[in-house]
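Okay, so here's the structure we're looking at.
Number of protein chains: 2
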Amino acid sequence: MPRRIDHVAIIVHNLEQALTFYRDTLGITPSEIKEVPTEQVRIAFLPMGGPEGSQLELIEPTPSNASLTKFLTKRGEGLHHLCLQVDDIDSALNDLKAKGAAVLDEQPRMAAEGRAIFLHPKSSNGVLLELLEKVE
Amino acid sequence: MPRRIDHVAIIVHNLEQALTFYRDTLGITPSEIKEVPTEQVRIAFLPMGGPEGSQLELIEPTPSNASLTKFLTKRGEGLHHLCLQVDDIDSALNDLKAKGAAVLDEQPRMAAEGRAIFLHPKSSNGVLLELLEKVE
Numbered sequence: 001m002p003r004r005i006d007h008v009a010i011i012v013h014n015l016e017q018a019l020t021f022y023r024d025t026l027g028i029t030p031s032e033i034k035e036v037p038t039e040q041v042r043i044a045f046l047p048m049g050g051p052e053g054s055q056l057e058l059i060e061p062t063p064s065n066a067s068l069t070k071f072l073t074k075r076g077e078g079l080h081h082l083c084l085q086v087d088d089i090d091s092a093l094n095d096l097k098a099k100g101a102a103v104l105d106e107q108p109r110m111a112a113e114g115r116a117i118f119l120h121p122k123s124s125n126g127v128l129l130e131l132l133e134k135v136e
Numbered sequence: 001m002p003r004r005i006d007h008v009a010i011i012v013h014n015l016e017q018a019l020t021f022y023r024d025t026l027g028i029t030p031s032e033i034k035e036v037p038t039e040q041v042r043i044a045f046l047p048m049g050g051p052e053g054s055q056l057e058l059i060e061p062t063p064s065n066a067s068l069t070k071f072l073t074k075r076g077e078g079l080h081h082l083c084l085q086v087d088d089i090d091s092a093l094n095d096l097k098a099k100g101a102a103v104l105d106e107q108p109r110m111a112a113e114g115r116a117i118f119l120h121p122k123s124s125n126g127v128l129l130e131l132l133e134k135v136e
């Protein structure tokens, strides 16, 4: 059902510090660095592999983001979630519910890149999984 | 320097159980499931996004693999490492050493997909990072 890996999200304390490694040491050029108020995060987008490639996203929670701030305190920086692109998020949501997956959203939410749902890690072997229908 | 995300590795207790979610519920078809004795793991390869796409790898440590078994006991199942493809692993290794990154390998090692080095998560904001030069 999912067609590709859209992005891999890495949670960090501070975007600028993280970019000293990902941009300056590794050499990946960010396409955009922006605040996403609806998600209470700042994101640095690091595209790789051309137009069809998957990208890295460095995510810094803003102070008001209680759940991600708690995650950082408890687990520290590191891999946070994996996002797979689907063609039709409503159909994917219905299918996953019917199969008994632990879907965290009753309806798709607006994410930075389109309409998305999250699955609880207990369904997906410990992985916080996002499914995304891109909206151009 | 890295050209694309090669794979995202998910560590699991049991490949067959994990496939009931990733293959049967999500619908991703494994291209291969094999034991890699040199790494003391079994891997299910789940390619996505066509020839240039990035793939998921489900990794089950064999009982003799002390470090991954310890990781599973301590952290549980979930995202384990991120692999980025480079054109020249020797050049990447020298460059990263010169920049002071915490490289875990003095020389590239043979991995399932080619010649690879790992970076300690302390260099890369908590992410265990693999850099891979593919060998066809």
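These protein sequences, in sequence, are chains A and B. Quick note on numbering: full-length UniProt numbering labels position 48 of the first sequence as 48, and the sequence is numbered without any gaps. Quick note on numbering: full-length UniProt numbering labels position 93 of the second sequence as 93, and the sequence is numbered without any gaps. C-beta atoms are modelled at their ideal positions from N, C-alpha and C, and glycine is treated no differently. Here the structure is a predicted model, which is why all the values come from computation and not from measurement.
Asked: Cα-Cα separation between residue 29/B and residue 94/A, rounded to whole angstroms; Found: 20 Å
Asked: Three-state secondary structure assigned by DSSP to residue 17/A; Found: helix
Asked: Neighbourhood of residue 115/B by C-beta, 8 Å cutoff - its chain only, sequence neighbours within 5 removed; Found: 89, 108, 109, 132, 133, 135
Asked: Neighbour flag for residue 124/A against chain B, beta carbons, 9 Å; Found: yes
Asked: Reduced DSSP secondary structure (H/G/I, E/B, other) of residue 44/A; Found: strand
Asked: With 16 other Cβ atoms within 10 Å as the buried cut-off, status of residue 6/A; Found: buried
Asked: Sequence-distant residues of its chain with Cβ nearer than 8 Å to residue 41/B (five each side left out); Found: 35, 59, 60, 61, 62, 65, 68
Asked: Close Cβ partners of residue 169/A (< 6 Å) along its chain, the five nearest in sequence each way excluded; Found: Past the boundaries of the shown model lies residue 169/A; chain A is included only from 1 to 136, so the question cannot be answered.
Asked: Cβ distance (whole Å) where residue 123/A is taken to contact residue 101/A below 8 Å; Found: 5 Å
Asked: Close-in-space but distant-in-sequence residues of the same chain around residue 148/A (CB under 6 Å, 5 per side omitted); Found: In the structure as shown, chain A begins at 1 and stops at 136. Residue 148/A is therefore absent and cannot be evaluated.
Asked: With 16 other Cβ atoms within 10 Å as the buried cut-off, status of residue 91/B; Found: exposed
Asked: Contact set between residue 91/B and chain A, taken where Cβ atoms lie within less than 9 Å; Found: Neighbours of residue 91/B on chain A: none; closest Cβ ~12 Å, over 9 Å.
Asked: Residue 90/B - containing beta strand (DSSP E), residue span; Found: Element bounds for residue 90/B: not the beta strand (DSSP E) but the alpha helix (DSSP H), 89 to 98.
Asked: Exposed unless 16 or more other CB atoms sit within 10 angstroms - verdict on residue 54/B; Found: buried
Asked: CB-CB length for residue 4/B against residue 85/B, believed under 8 Å; Found: 5 Å
Asked: N-terminal and C-terminal residue of the beta strand (DSSP E) that residue 115/B is part of; Found: 114 to 119
Asked: Beta-carbon proximity check, residue 78/A vs residue 76/B, cutoff 9 Å; Found: no
Asked: Cα-Cα separation, residue 32/B to residue 105/B; Found: 27 Å
Asked: Chain B within 9 Å of residue 130/A, Cβ atoms only; Found: no
Asked: Closer than 9 Å to chain A by CB, residue 39/B; Found: no
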